[in-house]
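Undergrad: Residue numbers for the sequence shown follow UniProt numbering, so the first one is 257 and each next one is one higher. Even glycine gets a Cβ: it sits at the ideal position worked out from N, Cα and C.
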Amino acid sequence: AKKRGRNRYYWFEHSMESELRFRSELESGIRRGIPAGEFVPYYEKQIDLATGEIVGFEMLARWNSPSLGLVSPDLFIPVAEEIGVIADLSESVIRQALLDARHWNPKLTLSVNISPVQLRDPWFAQKLLKLLVEANFPPNRLEIEITENSLHENIGLVRSMITSLKNQGIRVSLDDFGTGYSSLSQLRTLPFDRIKIDRSFITTLPDSKDSATIVQSIVALGEGLGLPITAEGVESEEVLHELRKFSGLKAQGYLYGMPETARTTAEELAQLDLL
Ligand code: C2E
Ligand code: CA
Ligand code: CA
Ligand code: CA
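In C-alpha cells:
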C-alpha cells in the first residue's frame, strides 16, 4: 500500500508539474501573442426573427496560437484576466473588429464582449471612445455586452460607466441573462438597452417546460421594461419554431452558421449586397 501510495504521489507530482508547465506556457504565449497579432476577431450573425435578415454581428475573440492552434476564449480570457493583460487583448481585437465592420453596410451593428475586469477600469469608456475615433466608427453602431456576473460588485462605478457610454451613443446589453447574480432591481436601475437570454434556456426550449416558462417570463419582463431581447444558442429549427411565438426577438446561434473570420464574413455580406 505504501508503494502504491508513493507511485500515486509521483504521478500526482508529475501531472502537477506538467499542468504548471502548460499554464506558464499559456501565460507567456498570451503575453507574446497580443503584440504579435495572434488574437483575432470572429463574427457570429445576429438575425431579426421578424424578417430573417442579418442585423449585426457579435465579435468573438479567437487565439491563433502557433503551438496550440485555434484556441477558444473560454481558455484564454480567464488567464488574460488573471495575469492583467485582458485590456490589451480586448483592445487589440476590438481595434481589428472596428476596422472590419467599417466596411459593412452601415445598418449592421457590431457587438463586443467586455470583461468585468475592464469594467472596473475608470478609464474604460475613454479608451473605448479613443478606439472608435481612431477607426472612424460611429458609436451608435457599437453595442457592448456585459455579463450579469459583472454586476455584483462596484455597482455604482458600473452604473456611471454605462451612463457615460450611452451618452456617447454606444448601446449596452446584459449578456447571459438568467445565469448570474443580477437582481431584477438592477435591471430597473441600470440603463441597459437589451437583454440576451443565456443559451442554456434556449437550447433546451423544445424539451423542457421549465425553460419555456423561463423564456416566456424573460420576454414578458423585457416587454414590460421596454428592453428588446436576443435569444442566443439557436441551434435547431425546433427552437426557432418556439421562438417565433414571440415577437420582436433577435436570434443568434449555430443554426445560422458558425462564427467566421473577417474575410468569410465580408464574402458572405458581399453576396447579400450588405458590404
Ligand atoms: P458569449 O458572449 O456568451 O458568446 C457566445 C458563445 O456561444 C460563443 O462561444 C459562441 O461561439 C457560442 N455559441 C453561439 N451560438 C451557439 C449555439 O448555437 N450553440 C452553442 N453550443 N454555442 C453557441 P465562444 O466564442 O467560445 O465564446 C465564449 C465566451 O468567451 C463568450 O460567451 C464571451 O463571454 C467570451 N468572449 C469571447 N470573446 C471575448 C472578448 O473579446 N472579450 C471578452 N472579455 N470575452 C470574450
Ligand atoms: Ca456575448
Ligand atoms: Ca452570452
Ligand atoms: Ca457565455
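Name the residue from Gly-436, Tyr-512 and Thr-469 whose alpha carbon lies nearest to the alpha carbon of Phe-502.
TA: By one-based count along the sequence shown, residue 502 stands at place 246. Checked all of Gly-436, Tyr-512 and Thr-469; the closest Cα to Phe-502 is Thr-469.
Undergrad: Among all residues, which have a Cβ less than 6 Å from at least one non-hydrogen atom of ligand 2, and in what chain order do they fall?
TA: Glu-314, Asn-369, Glu-401 and Asp-431
Undergrad: Give the DSSP bridge partners of Asn-428, in chain order.
TA: Here residue 428 is taken as the residue at index 172 of the sequence shown, counted from 1. Note that residue 428 is Val in the sequence shown here, rather than Asn. According to DSSP, Val-428 bridges with Ile-400.
Undergrad: With DSSP run on the structure shown, which of helix, strand or coil describes Leu-496?
TA: Here the question's residue 496 lines up with position 240 in the sequence shown. The answer is helix: DSSP assigns Leu-496 an H, G or I state.
Undergrad: Answer with buried or exposed for Pro-417, where buried requires no fewer than 16 other C-beta atoms within 10 angstroms of its C-beta.
TA: Taking the first residue of the sequence shown as 1, we reach residue 417 at position 161. Going by the sequence as given, residue 417 is Met instead of Pro. Residue environment analysis places Met-417 among the buried positions, since at least 16 neighbouring C-beta atoms fall within 10 angstroms of its C-beta.
Undergrad: What is the residue span of the alpha helix (DSSP H) that Gly-478 lies within?
TA: Here residue 478 is taken as the residue at index 222 of the sequence shown, counted from 1. 465-481 is the span of the alpha helix (DSSP H), which, as asked, contains Gly-478.
Undergrad: Using the Cα positions of Arg-519 and Gly-509, report the straight-line distance between them to the nearest angstrom.
TA: Along the sequence shown, read from residue 1 onward, the residue named residue 519 stands at position 263. Along the sequence shown, read from residue 1 onward, the residue named residue 509 stands at position 253. When rounded, the distance between both Cα atoms is 20 Å.
Undergrad: Is it buried or exposed, Trp-379, if we count other Cβ atoms within 10 angstroms and call 16 or more buried?
TA: As a working mapping, residue 379 is identified with position 123 in the sequence shown. Result: exposed.
Undergrad: In its own chain, which residues sit with a C-beta less than 7 Å from the C-beta of Leu-305, not counting the 5 before and 5 after it?
TA: If you number the sequence shown from 1, residue 305 lands on position 49. Counting only Cβ-Cβ distances below 7 Å, and skipping sequence neighbours, we find Leu-499, Arg-500, Leu-505, Lys-506 and Ala-507.
Undergrad: Which residues in the same chain have their Cβ closer than 8 Å to the Cβ of Leu-316, if we skip the five residues on either side of it in sequence?
TA: Indexing the sequence shown from 1 puts residue 316 at position 60. Counting only Cβ-Cβ distances below 8 Å, and skipping sequence neighbours, we find Pro-297, Tyr-298, Tyr-299, Glu-300, Pro-329, Asn-369 and Pro-515.
Undergrad: Go through the region 257-340 residue by residue and report every complete run of the alpha helix (DSSP H) that reaches 4 residues or more, in order.
TA: 258-289 and 329-338
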